Amino acid sequence: MLIETADIQPLRSPLHASKARREESRYVTQKDPGFSQQTVWMIAVRDGRDRAAFAALFDYFAPRLKGFVIRAGAPPPQAEEIVQDVMLTVWRKAATFDPHRAQVSAWIYQIARNRQIDVARKENRPVPEELREEPGLEPDASQILGLEQEAGQLKQALAQLKPEQRDILEKAYLGELTHQEISRQTGLPLGTIKSRIRLGLQRLRHELKDLMS
Amino acid sequence: MSVIRHHIPDAMLASYAAGTLPQSFSVVVAAHVSMCAQCRAALEAHQAVGGLLLESCAAEPVSGRLRQDVLAQLDAPFTPEPCYDRSGIFPGPVVAAMKGRQPKWKTLGMGVRQDILMADNSGSVRLLYIPAGQAVPDHGHNGLELTLVLQGSFSDETGQFGAGDLEVADEEVDHTPVAGASGPCICLAATDAPLRFRAFMPRLLQPLFRI
Numbered sequence: 001m002l003i004e005t006a007d008i009q010p011l012r013s014p015l016h017a018s019k020a021r022r023e024e025s026r027y028v029t030q031k032d033p034g035f036s037q038q039t040v041w042m043i044a045v046r047d048g049r050d051r052a053a054f055a056a057l058f059d060y061f062a063p064r065l066k067g068f069v070i071r072a073g074a075p076p077p078q079a080e081e082i083v084q085d086v087m088l089t090v091w092r093k094a095a096t097f098d099p100h101r102a103q104v105s106a107w108i109y110q111i112a113r114n115r116q117i118d119v120a121r122k123e124n125r126p127v128p129e130e131l132r133e134e135p136g137l138e139p140d141a142s143q144i145l146g147l148e149q150e151a152g153q154l155k156q157a158l159a160q161l162k163p164e165q166r167d168i169l170e171k172a173y174l175g176e177l178t179h180q181e182i183s184r185q186t187g188l189p190l191g192t193i194k195s196r197i198r199l200g201l202q203r204l205r206h207e208l209k210d211l212m213s
Numbered sequence: 214m215s216v217i218r219h220h221i222p223d224a225m226l227a228s229y230a231a232g233t234l235p236q237s238f239s240v241v242v243a244a245h246v247s248m249c250a251q252c253r254a255a256l257e258a259h260q261a262v263g264g265l266l267l268e269s270c271a272a273e274p275v276s277g278r279l280r281q282d283v284l285a286q287l288d289a290p291f292t293p294e295p296c297y298d299r300s301g302i303f304p305g306p307v308v309a310a311m312k313g314r315q316p317k318w319k320t321l322g323m324g325v326r327q328d329i330l331m332a333d334n335s336g337s338v339r340l341l342y343i344p345a346g347q348a349v350p351d352h353g354h355n356g357l358e359l360t361l362v363l364q365g366s367f368s369d370e371t372g373q374f375g376a377g378d379l380e381v382a383d384e385e386v387d388h389t390p391v392a393g394a395s396g397p398c399i400c401l402a403a404t405d406a407p408l409r410f411r412a413f414m415p416r417l418l419q420p421l422f423r424i
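Chains as they are written, first to last, in this note's numbering: chain A, 1 to 213; chain B, 214 to 424.
Here it is, written out as structure tokens:
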């Protein structure tokens, strides 16, 4: 990677009125070595509009996104256009990234699927209402770390799948299977995975209930 | 909000996350997720799986120009997509499907009203208004029908459904939903094929009324 964590310094030009809180969240991030590199970059983009961190995210995700959208059926000339749209959306909608609820890769995955479907169907895919954080809510490092640990376990579970199971899973999440095919296929590899992430989900659910109540 | 007891089947959430669900069902899933923390968490778990698969996807080198272009456009002005908030009983995705307007009810007889939000070959999405205690004529359907309660309640042969509850009925189900006695029931209903009403009107007239 081109950029190391140390390069991500607090900027002196915060855009938001909640400057103190944003500084605080950056402080939490920098103090804590447990966050993944991608999360650290994304928080720096969100809170500091940090271009170096964005460039690092681009270098990490753009080639993967290109491989992903080609595998999901985009013709190669269109693939780079979609990557461009997705990465610009990452920059523009950074404020909606919430590390308490999503890994950077999960957040970018749904942006990429939305974009690819919008392009293919020429209409906007319906999306749920965005959850808004309560103003003044302090970032909870243990929740962010907990989610990252769950994602790590999920990654291990994925790595342990048999090749044919993994293949089905990739096809499903790349949109290569129809809705009916997914209904028939899930239960096989997903059952294994779901048992591993149940705790993480429960925690996520409680967090969400607090937010929505 | 009442406790939600009828949720989106997990395979349908996975399909929504992957983007393979028909547009009509996607409206209902997005609306239910807007009302239901449990299904939102489950959806976000599917997105986490998708994210990990994205990370482990074989990378394709991108052109240097792409990087330059993207970095050069960071300050470019852009028009944000319209963002629809909940309006009264209607969750954001329903308001989006109505393009921000209020429902335009058309009467179907017996006090039942509907507003078709979208209808094409891939299916239909509509709002249904059922007066308290009124039965919606017995109907079967081709394919699958999703019904999300937005206000009030209804019950049929398969159970009772309150605000936020989702009924998934396949073509095997011939059901007669009856609105609860306490007030009118408003639902969001989606199909991936036209409905077939039995007692309500001759099947020949259905294309005319688009139900």
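All C-beta atoms, glycine included, are put in the ideal place defined by N, C-alpha and C.
Bear in mind that the values here come from a model prediction, so they are computed numbers and not experimental data.
Less than 8 Å separates the beta-carbon of residue 228 (chain B) from that of residue 182 (chain A). Neighbourhood of residue 239 (chain B) in chain A, by CB distance below 7 Å: 125, 126, in chain order. Residue 384 (chain B) is outside the set of residues whose beta carbon lies under 8 Å from a beta carbon in chain A.
In the DSSP assignment, residue 332 (chain B) is bridged to B:337. What residue 233 (chain B) touches in chain A, judged by beta-carbon distance under 7 Å, is 175, 177, 178, 179, 182, going in chain order. Residues of chain B whose Cβ lies closer than 7 Å to the Cβ of residue 87 (chain A) are, in chain order, 283. Chain B has a Cβ within less than 8 Å of the Cβ of residue 66 (chain A). Rounded to the nearest angstrom, the Cβ distance from residue 252 (chain B) to residue 220 (chain B) is 5 Å, consistent with a contact under 8 Å. One Cα belongs to residue 334 (chain B), the other to residue 319 (chain B), and the distance between them is close to 22 Å. Residue environment for residue 296 (chain B): exposed (fewer than 16 other C-beta atoms within 10 angstroms of its C-beta). Residue pairing from DSSP places residue 320 (chain B) in a beta bridge opposite B:326.
Counting C-beta atoms within 10 angstroms of its own C-beta, residue 123 (chain A) has fewer than 16 neighbours from the protein chains shown and is therefore classed as exposed. For residue 155 (chain A), the nearest CB of chain B lies under 8 Å from its own CB, placing it at the interface with that chain. Residue 240 (chain B) sits away from residue 332 (chain B), with the two beta carbons spaced by 8 Å or more. Assigned with DSSP and collapsed to three states, residue 297 (chain B) falls in coil, not helix or strand. Within the model, the alpha-carbon separation for residue 62 (chain A) versus residue 248 (chain B) is close to 33 Å.
When the beta-carbon positions are compared, residue 400 (chain B) and residue 357 (chain B) stay at least 8 Å from each other.
Judged by beta-carbon spacing, residue 244 (chain B) lies within the 8 Å limit of residue 361 (chain B), meaning their Cβ atoms are closer than that value. For residue 306 (chain B), the C-beta contacts it makes with chain A under 8 Å involve 126, 127, 128, 129, in order along the chain. Within the model, the alpha-carbon separation for residue 144 (chain A) versus residue 35 (chain A) is close to 8 Å. At least one C-beta of chain A is nearer than 8 Å to the C-beta of residue 270 (chain B).
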